[in-house]
Amino acid sequence: MPAEKLLLIGVNHKTTPLAVRERIALSGGYEEPLAKVKGLPGVKECYLLSTCNRVELLLVIEPDSGVEERVVEFLFSGRVAIAEADQYLYRHYGRAAVQHLFKVAASLDSMVVGEAQILGQLKEAYRHAARNGTTGPLLNKLLHKAFSVAKRVRTETAIGSSAVSISYAAVQLAKKIFGHLRGRRVLLIGAGEMAELAAEHLVGQGVEEVIVANRTLARAVALARRFSGRAVSMEELVAQLQHVDIVISSTGSPDLVLRRDEVKSVMRRRMNSPLFFIDIAVPRDLDPELITLDNVYLYDIDDLTSVVEINKSERDREAVKAGRIVDEETLKFMNWYGGVAVNPTIQALRGKLDDIARQELERTVAKMPGLGEAERQQLARMTEAMVAKILHDPLMYLKSESCAGRDRSDAKITLVREVFGLGSEDHGA
Amino acid sequence: MEDFTLLFFRVTLVTAFLTAAAYMVHFVAQGKKVRTIARVLMILSGVLQSGYIVLGFAIAGHTPLTSQHDAVVFFAWSTSIAYLSFRWRYSVKNFGTPVSMMIFLLLLVASFSHKSFAPLPPALQSVWLPIHGGVSLVAYGFLTLAFCGSLMYLLLERELKSKRFGYFFARFPSLGALDQLNHHCLLAGFAFLTVGIVTGSLWARQAWGTYWQWDPKETWSLITWCVYLVQLHQRLTVGWRGKRAAAMSVLGFIGVLFTLWGVTYLLGGVHSYAR
Chain H
1 MPAEKLLLIG
11 VNHKTTPLAV
21 RERIALSGGY
31 EEPLAKVKGL
41 PGVKECYLLS
51 TCNRVELLLV
61 IEPDSGVEER
71 VVEFLFSGRV
81 AIAEADQYLY
91 RHYGRAAVQH
101 LFKVAASLDS
111 MVVGEAQILG
121 QLKEAYRHAA
131 RNGTTGPLLN
141 KLLHKAFSVA
151 KRVRTETAIG
161 SSAVSISYAA
171 VQLAKKIFGH
181 LRGRRVLLIG
191 AGEMAELAAE
201 HLVGQGVEEV
211 IVANRTLARA
221 VALARRFSGR
231 AVSMEELVAQ
241 LQHVDIVISS
251 TGSPDLVLRR
261 DEVKSVMRRR
271 MNSPLFFIDI
281 AVPRDLDPEL
291 ITLDNVYLYD
301 IDDLTSVVEI
311 NKSERDREAV
321 KAGRIVDEET
331 LKFMNWYGGV
341 AVNPTIQALR
351 GKLDDIARQE
361 LERTVAKMPG
371 LGEAERQQLA
381 RMTEAMVAKI
391 LHDPLMYLKS
401 ESCAGRDRSD
411 AKITLVREVF
421 GLGSEDHGA
Chain U
430 MEDFTLLFFR
440 VTLVTAFLTA
450 AAYMVHFVAQ
460 GKKVRTIARV
470 LMILSGVLQS
480 GYIVLGFAIA
490 GHTPLTSQHD
500 AVVFFAWSTS
510 IAYLSFRWRY
520 SVKNFGTPVS
530 MMIFLLLLVA
540 SFSHKSFAPL
550 PPALQSVWLP
560 IHGGVSLVAY
570 GFLTLAFCGS
580 LMYLLLEREL
590 KSKRFGYFFA
600 RFPSLGALDQ
610 LNHHCLLAGF
620 AFLTVGIVTG
630 SLWARQAWGT
640 YWQWDPKETW
650 SLITWCVYLV
660 QLHQRLTVGW
670 RGKRAAAMSV
680 LGFIGVLFTL
690 WGVTYLLGGV
700 HSYAR
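Those protein sequence lines, which keep their order, are chains H and U. Take the first sequence: its position 232, counting from 1, is numbered 232 in the working numbering, and each next residue is one higher. Take the second sequence: its position 218, counting from 1, is numbered 647 in the working numbering, and each next residue is one higher.
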C-alpha cells in the first residue's frame with residue numbers, strides 16, 4: 001500500500017444546513033481555491049467539487065502531516081468556528097473515501113437520488129482540477145473510475161428513470177399551490193442549467209410563458225428562445241413580478257436579488273394572487289423573509305428535499321442495486337490501489353521484458369536452422385543479460401529512497417508503467 | 430307514527446355516521462374502493478334526510494322548521510344538498526371528509542332534542558315560513574362548505590409555509606382549488622343569506638307591522654351578513670384571498686352558529702320559538 005493517504009472531506013445537504021453551506025460555497029470559481037489547497041504543505045493532489053448541495057475536497061495527503069486541520073480551516077476560512085464546523089463535516093479515508101466518491105458520482109448521495117446533473121458537475125470540476133494540474137496519477141485514475149462507475153450504474157439499474165431532480169419537486173409544490181399550471185407564467189432569474197431544467201418541466205405541465213432575466217442579456221435571449229419566451233434585463237425584475245406566478249432564481253450573485261419590500265409592493269398590485277418562489281441558488285438569491293408575506297410561498301433547495309421524500313420508495317430498490325455496484329467497484333479500485341505498489345510493477349516490468357526477449361529469441365532461432373545447442377544457449381544468455389541490464393536503471397529508480405523526504409513512489413510507478421506500457425489494474429492486481 | 434319517525438331519524442343518523450366513517454377511512458388510507466362506497470353513502474344520506482323532511486311535512490302539514498330539532502335537521506340537509514350540487518359541478522379532493530363529518534355532527538345535535546308534534550303557533554302559520562326559514566338554512570349549508578374549505582385551506586397553508594410537508598400535503602387539494610371553493614360557496618351562501626334576511630324582513634312587516642325591530646336574531650344575522658359582505662367586498666376590490674379570506678369565512682361561520690344557537694339560548698327574542 002502506498003504511503004500517502006486518500007482523504008475526502010466535505011459538507012453536503014444531509015449534514016449541513018443551507019445557512020452554513022452558503023458560507024462556504026465557493027462562488028469565485030474553482031481556480032483560486034484549488035491553487036490554495038494545492039499550496040498547503042502536505043497536500044500532494046487535490047480535487048474540489050462544489051455544487052449547490054455539496055462542497056467536497058478529495059485529497060491525497062501525506063499522513064501525519066497535520067494537513068487535515070489546515071484544510072478544514074481553509075474550507076470555512078474563519079467564517080464558522082472550527083468546533084462548530086466539525087459537527088457538519090464528514091471525513092472519509094482510503095476505502096471509505098473511494099466509496100463515497102463513487103456514490104456521489106452514481107447519484108446515490110444526491111438530494112434527488114438518480115438525478116443526472118451530478119455527473120456533469122463532477123466532470124466539470126475535474127476539468128478545472130486537471131487544467132490547474134492539481135490532480136496526480138492517483139486522483140486521475142480514481143476520478144476516471146468514478147465516471148465509469150456512474151455510467152455503469154446508469155446502464156445497469158433503473159435509478160435514473162424516475163428521477164428528475166429539483167424540478168420535479170418544484171412542479172409538485174406548484175401544483176399544490178395553484179392546482180394546475182395551465183396558463184401560469186414562469187420567471188427565471190439567472191439562466192443556469194438547473195433553472196433550464198426546472199422550466200422544461202414546468203412547460204411540460206402546461207405553463208404558458210417563460211420569461212428569462214439574466215445579467216448577460218444574450219444568454220437570457222438564447223434561453224428564452226428555447227421556450228419561445230421573452231428575455232428581460234435584471235433591472236425590470238420587480239416590474240415583471242406583477243405578471244408571473246412562479247419565480248425560479250438561480251443566479252451566482254453573492255447578494256439577494258429580491259427583497260421583502262420589493263415583493264410586498266408587487267403583491268398589492270397583483271391583487272394578492274399567489275406568488276411561488278423557488279430559490280435554487282447558493283448563496284441564496286431571495287430574501288428568506290418573503291415567506292412572511294401573505295400568499296407568497298418561498299422554498300430553497302433544502303425545502304424541496306422533503307417534497308421529494310414523499311415519492312421516493314420506488315427508487316429505493318434500484319438504489320440498493322446501485323449500491324452493490326458501487327461496493328463492487330470500490331473493492332476493485334482498492335485492489336488496484338494496493339497493487340500499484342512497487343513490487344507488482346517490478347514483476348510486471350520484468351515479465352514484459354522477459355516475454356519480449358523470449359519471443360525475439362525464438363523468432364531469430366527459427367530463422368537460423370544451422371545453429372547448434374551451444375550457440376543457442378549463448379544467444380539465450382545474451383538476451384537475458386540484455387534484459388537484466390535494461391531493467392537495472394528502472395528498478396533502481398523505482399526502489400530509490402524518496403528524495404528530500406517527499407515520497408514520490410506513486411508518481412514513479414505511474415511513470416514507469418506509462419513508459420513501458422504496462423496497462424493498469426490487470427497487471428498490478 | 431311517532432315511533433316510525435324516530436326510527437327513520439335513527440336510520441338517517443346512522444347513515445350519516447357511516448358516510449363520515451367511510452370518508453375518514455378514505456382520507457387516511459386513500460383507497461379508491463372506500464371512496465366509491467363513501468360517495469354512494471353520501472347520496473343515500475342526502476336522500477334519507479330529504480325523506481325525513483318530507484315525512485315531517487306530511488305529518489305536520491307544514492315545512493318542519495320551527496323546532497330546534499327540525500331546524501338543525503334542515504340545516505344538515507341543506508349542507509348535504511349544497512355539497513351534492515357542488516360535487517356535481519366539480520370535485521375537490523377529499524372535501525367530502527370534513528363535510529360528511531359536519532353533517533353527522535349536525536344530525537347528532539338534532540338527535541338530542543325531540544321532534545315537536547305540537548301544532549304551529551298562529552304567528553308562524555304563513556307561506557313565508559318555508560321561504561324565509563328554508564332559504565336562510567340553505568344559505569347556512571353553503572356557508573358550512575365555505576367553512577370546511579377554509580379550515581382545510583388554513584391547515585394546508587400552515588404546512589406549506591412552515592415547509593413541513595406531511596399528512597395534509599399529500600391529502601388535501603391545492604390551495605388554489607380550496608380558495609376557489611371558498612369563494613364560490615361564499616357567493617352562493619351570501620346570496621341565499623341576503624334573500625333570507627330580505628324575506629324575513631318582508632314577513633316581519635306582514636306579521637308585526639315593521640320591517641326591522643332589532644330582535645337579537647335579526648341583529649346577529651345582520652352582523653354575520655356584514656362579515657361576509659366585508660370579505661366579498663375586499664376580495665373583489667383589493668384581492669383579499671387565501672389566508673385572510675379563509676379566516677374571515679371561519680369568523681363568519683362562528684357568527685352563523687351563534688345566530689342559530691347562541692341567540693336562541695342566550696338572548697331570547699321573538700325568534701326563540703325554535704327551542
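For every residue, glycine included, the Cβ atom is placed at its ideal position computed from N, Cα and C.
How is Ser162(H) classed by DSSP in three states: helix, strand or coil?
-> Because the pLDDT of Ser162(H) is 45, which lies under 50, any placement of that residue in the model is unreliable, and the number read from its coordinates should be weighed accordingly. Ser162(H): coil per DSSP, three-state reduction.
Just the C-alpha distance for Asp109(H) and Lys103(H), rounded to the nearest angstrom, thanks.
-> 6 Å
What number of angstroms, rounded off, separates the C-alpha of Gly405(H) from the C-alpha of Glu62(H)?
-> For Gly405(H), the predicted model reports a pLDDT of 40, less than 50, meaning its position is unreliable; a value from the coordinates is still stated below. Their Cα atoms are separated by approximately 11 Å.
What are the boundary residues of the alpha helix (DSSP H) that includes Val624(U)?
-> Leu604 to Trp637
Measuring only between beta-carbons, confirm whether His13(H) sits less than 8 Å from chain U.
-> no
What does a CB cutoff of less than 6 Å around Leu566(U) pick up in its chain, not counting 5 residues either side in sequence?
-> Phe503, Phe504 and Ser507
By the 10 Å Cβ neighbour count, where 16 or more other Cβ atoms means buried, how is Asp393(H) classified, buried or exposed?
-> exposed
Less than 8 Å separating the beta-carbons of His498(U) and Ser542(U)?
-> yes
Within 8 Å (strictly less), CB to CB, does Gly400(U) reach chain H?
-> Because residue 400(U) is not part of the residues shown, which for chain U are 430 to 704, the question remains open.
Three or more C-beta pairs below 8 Å linking the segment 134-149 of chain H and the segment 212-224 of chain H | no
What in chain H is Cβ-close to Arg516(U), meaning under 7 Å?
-> By Cβ distance, chain H contributes nothing, its closest Cβ being about 17 Å from Arg516(U), past 7 Å.
Should the segment 686-695 of chain U be regarded as contacting the segment 634-654 of chain U, the criterion being three or more beta carbon pairs within less than 8 Å?
-> yes
Range covered by the beta strand (DSSP E) that runs through Val232(H) | Arg230 to Val232
How is Ala404(H) classed by DSSP in three states: helix, strand or coil?
-> Annotation note: pLDDT 43 at Ala404(H) (below 50); position unreliable, no value reported.
Report yes if the CB atom of Leu432(H) is closer than 8 Å to the CB atom of Ala374(H), and no otherwise.
-> Limits of chain H in this structure are 1 at one end and 429 at the other, which puts residue 432(H) out of reach.
Compute the distance between the beta-carbons of Leu6(H) and Tyr30(H), then report whether it is under 8 Å.
-> no
With C-beta atoms as the reference, is Leu723(U) less than 8 Å away from Leu442(U)?
-> Any answer about residue 723(U) is impossible in this case: the structure gives chain U only from 430 up to 704.
Which two residues bound the contiguous beta strand (DSSP E) that contains Phe277(H)?
-> Leu275 to Asp279
Candidates Gln347(H), Arg317(H) and Ser253(H), of which the one nearest Asp287(H) by Cα = Ser253(H)
Compute the Euclidean distance between the alpha carbons of Leu275(H) and Val247(H), then round it to the nearest angstrom.
-> 8 Å
Considering only residues of the same chain and omitting the five flanking positions on each side of Ala511(U), which have a CB-CB separation below 6 Å?
-> Gly570, Phe571 and Leu574
4-residue-minimum alpha helix (DSSP H) runs that sit fully inside the segment 194-278 of chain H, ordered along the chain | 217-226, 237-240 and 260-269
Please say whether Ile211(H) and Arg185(H) have beta carbons closer to each other than 8 Å?
-> yes
Counted within 10 angstroms of its Cβ, other Cβ atoms place Thr364(H) as buried (16 or more) or exposed | exposed
Give me the Cα-Cα distance between Ala450(U) and Ala458(U), rounded to the nearest whole angstrom.
-> 12 Å
What is the DSSP secondary structure of Asp86(H), counted as helix, strand or coil?
-> helix
Is the shortest distance between the beta-carbon of Gly460(U) and the beta-carbons of chain A less than 8 Å?
-> The structure shown contains no chain A; its protein chains are H and U.
Do you know how far the Cα of Val282(H) is from the Cα of Val692(U)?
-> 58 Å
Would you report the Cα separation of Leu18(H) and Gly668(U), rounded to the nearest angstrom?
-> 34 Å
Does the segment 549-564 of chain U come close enough to the segment 521-535 of chain U that 3 or more CB-CB pairs lie under 8 Å?
-> no
Nearest candidate by alpha-carbon position, reference Tyr436(H), set Thr414(H), Ala170(H), Val387(H) and Arg260(H) = The structure shown does not extend to residue 436(H), since chain H spans only 1 to 429, so no value can be given for it.
Can the beta-carbon of Glu586(U) be found less than 8 Å from the beta-carbon of Gly595(U)?
-> no
Mind checking which residues open and close the beta strand (DSSP E) that includes Glu56(H)?
-> Arg54 to Ile61
From the DSSP output, read off the bridge partner residues of Arg91(H).
-> Ile9(H)
Any chain U beta carbon closer than 8 Å to Asn295(H) | yes
Burial state of Val627(U), where buried means 16 or more other Cβ atoms lie within 10 Å = exposed
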